[in-house]
Structures are given as C-alpha cells and as structure tokens.
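All remarks here apply to the structure that follows.
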Amino acid sequence: MLKLSSSAALVLSLSLPVNAATLHFVTQDFPPFIEVTDKPQPQGLMVDTLVAVCQRLNWNCEIQAMVWRRALLLADEGKVDGIFPVQDTPERRMSLALSAPVYNSSYGLFATASSTFRYQRPQDLLNHRIAVYGPSISQNALDKLIAGLPNMNISVENNQETVLKKLAAMRYGADAVVFANEDVTRYIIRREALSGLRPLATIQPLTYLYGFPLKSVKPGMVADFNQALNALCHDGTLPRLARRYNVRMAACK
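The following block contains the structure:
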C-alpha cells in the first residue's frame, strides 16, 4: 500500500498476519539497490531482498524512502527498526547492529569521454575538480582517499543523478571527475541515457548490509534476519535477484 507523508516519502507495506508487529525500515533512493519511481512502492534489489526476508520470517514490514540525512537521524534516535543500505564501518557500528554481508559493490572514479586524464594514485587528483554525492558514506570514502592532499576542489551534490548530469554537461569543467558507487553510476547512466562519460578507475570494494538501531533492535531480531538471509541465499533466491539487477552478491554463509 502506498502512503504519502508530509515529507513525500514512499512507503511499502507488506501484507502479513495482523497479529505481527509492524517493523519500520527506512532507506533512500539509491538505484539499483533502492529506486523511487512513479510506481506505488519503492523498487530495487535491496527492497526485493527485504520483502523476501520479511515474508520468510512472517514479519509485517514497512519500507519508507526518504532523504538519507533524515533516515540516519531516525535510526540514530531508535525511532525505526531498520535502515539500509549501510556499510560495516566504525561509525555505523556505534549506533547499529549489522546484518550479514548481502551485496558487493565498489567505489570508482568517472570522467568525461573527452578527458585525457589517467588515474594511478590519489596525488593524480591534484588540480582536478571532484564531484560527489553527499553527505554520504561515499563522501566519507572520498575524504579518506584524498586525506593530506592540499587545496582540493570538491563539489558536493544532494543526489547522484545531479552529479552525473553535471559531469556529462561539463558543468564541473572538462577535466573534472566524479567519485561514486560504480553500480549506481552505471545504472543511472543507462536509465538517463547519459552520453560522454567513461569509467576512470575502480578505487575501493565495498559491501552493503542492513542495519538495526541499537536503541530499538529486538532480542534475536538480527540473528533471525541473518538466518533467513542465509536460507534465501542457499535456495537460490538471492542469486536470482543479484542476476536480475546485475549486482554481485556476497558469499553464502
């Protein structure tokens, strides 16, 4: 069922037994993992995965897509039961219990097709404008990559689509680069039919998980979630979903 709040957030409610408590998960528009479209519910790989887990566990789950900053705030305050996608970082472990690894991805650099820039090491980024989506873990990863480099020119946008459209239009300059999730970037380039962009370098592998706020997580919830994930991995459900979205899955336990 589609619900629309004052923040124009999309909600997916899974119809399960009425005696089951409703679990509230928050997320962001982050295709192909999560995608907000004109359809009456969020779409995407990690939405489909969560739906399958909740059905297997007989959980009544509600999924709401919103601005990531607000999603993180709700999770930090323990006002929701889960948040995704998250990475296993010290920052996240301060406030979240984490699921088993689910899907693999990577960060990379992208440039215009006409750019002659070649990347081999972080120092090569000196004197190049870098665009990134933020605030986000992607921005944090970029900060670590360029730590110690002087006078870096960074442009931060509030969504990945804007970053890529500006790069394609050379709004950042002919020699600018984008730091972004490679799966998300490839998906948006195809969806928006953006031309004149090319991958420059893969920088860092990463893995996405589901997070459960320490302030609200229920006893046994993460263990049950992981058990269901493992069962869905071994029965072929997760591999089929990964192939459908052209994303690499983490290894089955």
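Heads up: the sequence shown at position 113 corresponds to 139 in the numbering used here, and the numbers run straight through without jumps. Ideal Cβ positions, reconstructed from N, Cα and C, are used throughout, including at glycine.
Which stretch, first to last residue, makes up the alpha helix (DSSP H) that contains residue i?
i           : result
residue 271 : 263 to 271
residue 116 : 116 to 119
residue 251 : 247 to 260
residue 187 : 186 to 194
residue 164 : 163 to 171
I'd like the list of long-range same chain contacts for residue i, defined as Cβ closer than 6 Å, with 5 residues on each side in sequence excluded.
i           : result
residue 146 : none
residue 34  : Below a pLDDT of 50, predicted positions are generally treated as unreliable, and residue 34, at 40, falls in that range; the measurement from the model is reported next regardless. Cβ within range, chain order: n/a, list empty.
residue 116 : none
At which residues does the beta strand (DSSP E) containing residue i begin and terminate?
i           : result
residue 106 : Element bounds for residue 106: n/a, residue is neither H nor E.
residue 235 : 223 to 239
residue 90  : 86 to 91
residue 282 : Because the chain spans 27 through 279 in this model, residue 282 falls outside it and cannot be assessed.
residue 159 : 155 to 159
In chain order, what residues of the same chain lie with their CB nearer than 8 Å to the CB of residue i, ignoring the 5 residues before and after it?
i           : result
residue 114 : 124, 127, 233 and 235
residue 281 : Shown here, the chain extends from 27 to 279; a query on residue 281 therefore has no answer.
residue 222 : 138, 139, 140 and 194
residue 83  : 250, 251 and 254
Pick out whichever of the options has its Cα sitting closest to the Cα of residue i.
i           : options               : result
residue 211 : 101, 77, 134 and 130  : 134
residue 169 : 260, 230 and 70       : 230
residue 78  : 277, 271 and 264      : 264
residue 52  : 201, 222, 112 and 66  : 112
residue 179 : 92, 196 and 154       : 154
residue 171 : 148, 195 and 142      : 148
residue 158 : 118, 267, 177 and 191 : 191
Might you give, ordered along the chain, the residues of its own chain that have their beta carbon closer than 7 Å to the beta carbon of residue i, omitting 5 neighbours on each side?
i           : result
residue 108 : 49, 51, 236, 237 and 238
residue 91  : 35, 36, 53, 54, 55, 60, 62 and 68
residue 58  : 70, 71, 209, 213, 271 and 273
residue 247 : 238
On the DSSP bridge list, what partners appear for residue i?
i           : result
residue 180 : 156
residue 61  : 69
residue 132 : 231
At a cut-off of 7 Å, is residue i close to the ligand ATP when judged by its beta-carbon and the heavy atoms of the ligand?
i          : result
residue 72 : Judged by which ligands are present, the structure shown has none, so any question about the ligand ATP falls away.
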